[in-house]
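Q: Position one of the sequence shown corresponds to residue 0 (numbering that gives the first Met the number 0), numbered consecutively onward. Where is the CB? At the ideal position from N, CA and C, for every residue including glycine.
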Amino acid sequence: MLKINRTALILALTVYLGTVCGFEGALKAAKRLHTEMLSRIIRALPAFFDTTPSGRILSRLSSDTYTTDFTLPEILRMWQLCSLRVIATLTVISYTTPIFVIIIL
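(1) Could you pull the start and end residues of the alpha helix (DSSP H) that Pro-45 belongs to?
(2) Note down, in chain order, each residue of its chain lying with its Cβ closer than 7 Å to the Cβ of Thr-67, except the 5 sequence neighbours on either side.
(3) Check Leu-80 in the structure and name its three-state DSSP category.
(4) Nearest CA to the CA of Ile-40: which residue from Trp-78, Leu-57, Ala-25 and Leu-26?
(5) Can you tell me where the alpha helix (DSSP H) with Leu-60 in it begins and where it stops?
(6) Going by DSSP, what residue range makes up the alpha helix (DSSP H) through Phe-99?
(7) Taking 8 Å as the cut-off, does the region 69-88 touch the region 43-53 (at least 3 CB pairs, one atom from each stretch)?
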């Protein structure tokens, strides 16, 4: 019973740390993207603003921000879950069938 509780605690801490690291990474990426987009827009030539409608500029900036804030973290989270499932599956198979480790190596 104690071993199960310890495993559950380790799993909970791992999920928590993964979530915190994911949010920190997403926040850093969003800040960096916003800073770079703003600096490039500020340094653009006046002719760019004459030929490009402001709605198109805002639409592009908001779509890039949406991708960074929502789509990219979700893709990374799904990749992380798939990787952990593969590792867990290989661990269980290796534990139950030790000859499997020899075959893999």
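A: Concretely, from the data shown:
(1) 45-50
(2) Ala-28, Ala-29 and Leu-32
(3) helix
(4) Leu-57
(5) 53-65
(6) 98-103
(7) no
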